[in-house]
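Working notes for the structure below.
Numbering (the numbering used here), first residue to last: 412 to 681.
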């Protein structure tokens, strides 16, 4: 058994080296952990069974893990392609867009768990101005009307300055800013949770300071926010939030505190 164990260990070492040469410059933490935890059981079972070699078992295990990683990365790419197209045409099937958002959410969670630097990249990419393209509505809306999904009819923007950590939301009629909210935000790199609050509002260019919690009330009253935000601010002492899914050179995706999913397109030049 000791001899077989040594052979298996060397087989794994050779397999990892070969994988690196083939293009994987560094094994991901998840792959490394799974290979380590499975190594002993693989060579023990092979020794008892007296069947296939430890190297064959190791190669099969590595192929299975690598295949799983490739699958979710391919799913991210596929979902993103549909969402980019939808952000431009606003004509893609609404249910397909919703499914792509859910797929992106699930698989980006896996990617960020595997590679913590993805969250840093997300925050960096979030800097700039974004136009709301598509929303599923809050969970309240979905429960009331069913799975509510739609392209947002008005020009609504959200801007982030990741240096000053300031946020600005705007509602426009054409190029005229009817309403703007101004505030600050915090971003949790581990959970990709962005908490924010607004302390001022501008109506047709006239700026007014807001008391704490008033922005949440206005958002709920106008349908731009969830009534859950009011409860969080007034009763729980918490701030409204988004759980950001992704942000890149073209699109951003997130799930709001009210449970709804949303898609934005970058509009820095507007």
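Every residue gets a Cβ at the ideal spot worked out from N, C-alpha and C, and that includes glycine.
{"query": "Using the Cβ count rule (16 or more neighbours within 10 Å means buried), how would you classify residue 608?", "result": "buried"}
{"query": "Compare the Cα-Cα distances from residue 594 to each of 542, 506, 671 and 612 and report the closest residue.", "result": "612"}
{"query": "What first and last residue would you give for the beta strand (DSSP E) that runs through residue 527?", "result": "Note, residue 527: premise wrong, no beta strand (DSSP E); not H, not E."}
{"query": "DSSP beta-bridge partners for residue 591?", "result": "581 and 613"}
{"query": "What number of angstroms, rounded off, separates the C-alpha of residue 681 from the C-alpha of residue 618?", "result": "21 Å"}
{"query": "For residue 615, does the count of other Cβ atoms within 10 angstroms reach 16, so buried, or fall short, so exposed?", "result": "exposed"}
{"query": "Among the residues of its own chain, which have a CB less than 7 Å from the CB of residue 495, if the five just before and after it don't count?", "result": "661 and 662"}
{"query": "Output needed for residue 606: all residues of its chain with C-beta closer than 6 Å, excluding positions within five of it in sequence on either side, in chain order.", "result": "597, 650 and 652"}
{"query": "Can you check which of these residues, 601, 600 and 592, is closest to residue 622 by C-alpha distance?", "result": "592"}
{"query": "Roughly how many angstroms lie between the CA atoms of residue 441 and residue 577, to the nearest whole one?", "result": "Confidence at residue 441 is low in this model, with a pLDDT of 39, below 50, so the placement of that residue should be treated as unreliable; the coordinate-derived value is given next. Their Cα atoms are separated by approximately 35 Å."}
{"query": "By the three-class DSSP mapping on this structure, what secondary structure does residue 483 have?", "result": "helix"}
{"query": "In terms of residue numbering, what span does the beta strand (DSSP E) encompassing residue 566 cover?", "result": "566-572"}
{"query": "Between residue 567 and residue 543, which are expected to be in contact by the criterion C-beta below 8 Å, what is the C-beta distance as a whole number of angstroms?", "result": "4 Å"}
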